[in-house]
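Asks: Residue numbers 22 to 342, in our numbering, belong to the letters of the sequence shown in order. By construction, the Cβ of each residue, glycine as well, lies at the ideal position given by its N, Cα and C atoms. Since we're looking at a predicted model, the values are computed, not measured.
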Amino acid sequence: MTQRYLVTGGAGFIGSHVTDRLLGLGHEVTVIDNFCTGKRENLAAVLEEGGYDAARLRVVEGSITDPSAVAEAFEGVSGCVHLAALPSVVRSVEAPVESHESNVTGGIQILDAARRAKVRVVYAGSSSAYGDQDAQFKHEELRESPLSPYAATKLAVELYARAFGQVYDASIVVTRFFNVFGPRQVPDSPYSGVIAAFCFAILQGRSPRIDGDGEQSRDFTYVGDVARGVCDALLAKDLPSGCHTVNLACGGNHTINDLLRILNDCAGTSIRAEHGPSRTGDVRHSQADIARIRELIGFEPQVSFEEGLRRTYDWYQRTYK
Ligand SMILES: NC(=O)c1ccc[n+]([C@@H]2O[C@H](COP(=O)([O-])OP(=O)(O)OC[C@H]3O[C@@H](n4cnc5c(N)ncnc54)[C@H](O)[C@@H]3O)[C@@H](O)[C@H]2O)c1
22 MTQRYLVTGG AGFIGSHVTD RLLGLGHEVT VIDNFCTGKR ENLAAVLEEG GYDAARLRVV
82 EGSITDPSAV AEAFEGVSGC VHLAALPSVV RSVEAPVESH ESNVTGGIQI LDAARRAKVR
142 VVYAGSSSAY GDQDAQFKHE ELRESPLSPY AATKLAVELY ARAFGQVYDA SIVVTRFFNV
202 FGPRQVPDSP YSGVIAAFCF AILQGRSPRI DGDGEQSRDF TYVGDVARGV CDALLAKDLP
262 SGCHTVNLAC GGNHTINDLL RILNDCAGTS IRAEHGPSRT GDVRHSQADI ARIRELIGFE
322 PQVSFEEGLR RTYDWYQRTY K
């Protein structure tokens, strides 16, 4: 049956793919976004590429820190995917109070509105909660160890989510994302994700910049897999009540040097990187244990790193030619 779902930050990179997936499943979507990093063009592209009727998408322009905008956004929705946040470590180091305001103050507004509306929230948690620990696989039982203000804000909302699960028996799934990449990620901001920035540099024939020696590794996850996992968690029947915390990732790991090599293969180039100093708050290795999300909702990644990179590079090539 058709339902309406709220996607906070729906005009952003991941939010636009989640919106696309929900519309593709036949649902209606409300997006709340203040367009600070999100773009109207992302939503226009979702409607155009999917051939969806624009009347199925409602957009509330406003901040998740504003209770009246949040109340308007929650009208008639059966569940919420909460993605709105300032998502950059670097930005949070420069302006921690600003990150706190959007991520934590905004986050609790969304959790509170959802528990009053008695609807499930899927919250975009972050692998940054793990910090830099020796365990090769990051699993959900590890003690959290945030290394940046950004990581602290993302974890703070997780803690609220757990408390809301206990106190109000709210239905919440915290999906911890690990380096998400794919089409529509902003490539030309100082806060851009590494894959978007590298694709853009290669298209311009420039050397991408690597912070440190490039042997740091990440569990890169294609955005289509993330959108599918999030929507499956949102729509899952018979989830035990309360708050569940799960990694949502591929379970692989690739170094930044690997990434540049594969992108050079995709582009038919042999561009070398410029190396700079390591970044404050950066973790060395990040790889997810995905046993728990498999068990909770049967999630399996479907897009390999190489295939995801090819699709992503092709998109940047078409879009920024
Ligand atoms: N991209 C990743 O690799 C990654 C990894 C871990 C977690 N996450 C989380 O996933 C979520 C989405 O990230 P993204 O990469 O799509 O980033 P993004 O910047 O593209 O999307 C964030 C969206 O939230 C909106 N927004 C920010 N503050 C807002 C506010 N106060 N009110 C309303 N809208 C607001 C922005 O305009 C944007 O549309 C974030 O919560 C981020 O912390 C992302």
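(1) Cα-Cα, which of R77, T40, L78, G31 is closest to I85?
(2) N268: beta carbon under 6 Å from a heavy atom of ligand 1?
(3) Could you spell out where the alpha helix (DSSP H) holding I35 opens and where it closes?
(4) Taking R25 as part of the beta strand (DSSP E), name the residues at either end of that continuous run.
(5) T196: which of V267, Q154, I216 sits nearest, CA to CA?
(6) Applying the criterion that 16 or more other CB atoms from any shown protein chain within 10 Å of the CB defines a buried residue, is H296 buried or exposed?
(7) Run through the DSSP bridge pairs and tell me what A145 is partnered with.
(8) Considering only their Cβ atoms, is the gap separating D240 from Q308 smaller than 7 Å?
(9) In chain order, which beta strand (DSSP E) runs of at least 3 residues are fully inside the stretch 100–125?
(10) Mapping the DSSP letters down to three states, classify N268 as helix, strand or coil.
(11) Quick one: measure Cβ to Cβ for P298 and D232, integer angstroms, because I've assumed they're closer than 8 Å.
(12) Return the first residue and the last residue of the alpha helix (DSSP H) that E62 is part of.
(13) Between S291 and the rest of its own chain, which residues show a CB-CB distance below 8 Å, the 5 nearest in sequence each way excluded?
Replies: For this structure:
(1) Here residue 85 refers to the residue found at position 64 when the sequence shown is read from its first residue. Nearest Cα to I85 within the set R77, T40, L78, G31: G31.
(2) Translated into positions along the sequence shown, residue 268 becomes position 247. No; taking the cut-off as 6 Å, the Cβ of N268 has no heavy atom of ligand 1 nearer than that.
(3) Locating residue 35 in the sequence shown gives position 14, counting from the first residue. Run containing I35: 34–45, per the alpha helix (DSSP H) assignment.
(4) To locate residue 25, count along the sequence shown from 1; it is residue 4. Its beta strand (DSSP E) spans residues 25–29.
(5) Translated into positions along the sequence shown, residue 196 becomes position 175. Minimum Cα distance to T196 is reached at V267.
(6) Residue numbering aside, residue 296 sits at position 275 when the sequence shown is read from its first letter. Counting every other CB atom within 10 Å of its CB across the protein chains shown gives H296 a total below 16, marking it as exposed.
(7) Here the question's residue 145 lines up with position 124 in the sequence shown. Residue pairing from DSSP places A145 in a beta bridge opposite T196.
(8) On the sequence shown, position 287 is the one that residue 308 refers to. On the sequence shown, position 219 is the one that residue 240 refers to. It is a contact, given that the beta carbons lie within the stated cut-off.
(9) Segments of the beta strand (DSSP E) lying fully in the stretch 100–125: 100–103.
(10) By 1-based counting over the sequence shown, the position of residue 268 is 247. Under the three-state reduction of DSSP output, N268 falls in the strand class.
(11) Taking the sequence shown and counting its residues from 1, one reaches residue 298 at position 277. Taking the sequence shown and counting its residues from 1, one reaches residue 232 at position 211. Between P298 and D232, the beta carbon gap of about 7 Å places them in contact (Cβ cut-off 8 Å).
(12) The count along the sequence shown starts at 1 and reaches residue 62 at position 41. Annotation: the continuous alpha helix (DSSP H) that includes E62 extends over 61–71.
(13) Counting from 1 along the sequence shown, the entry for residue 291 is found at position 270. Result list for S291: N285, in chain order.
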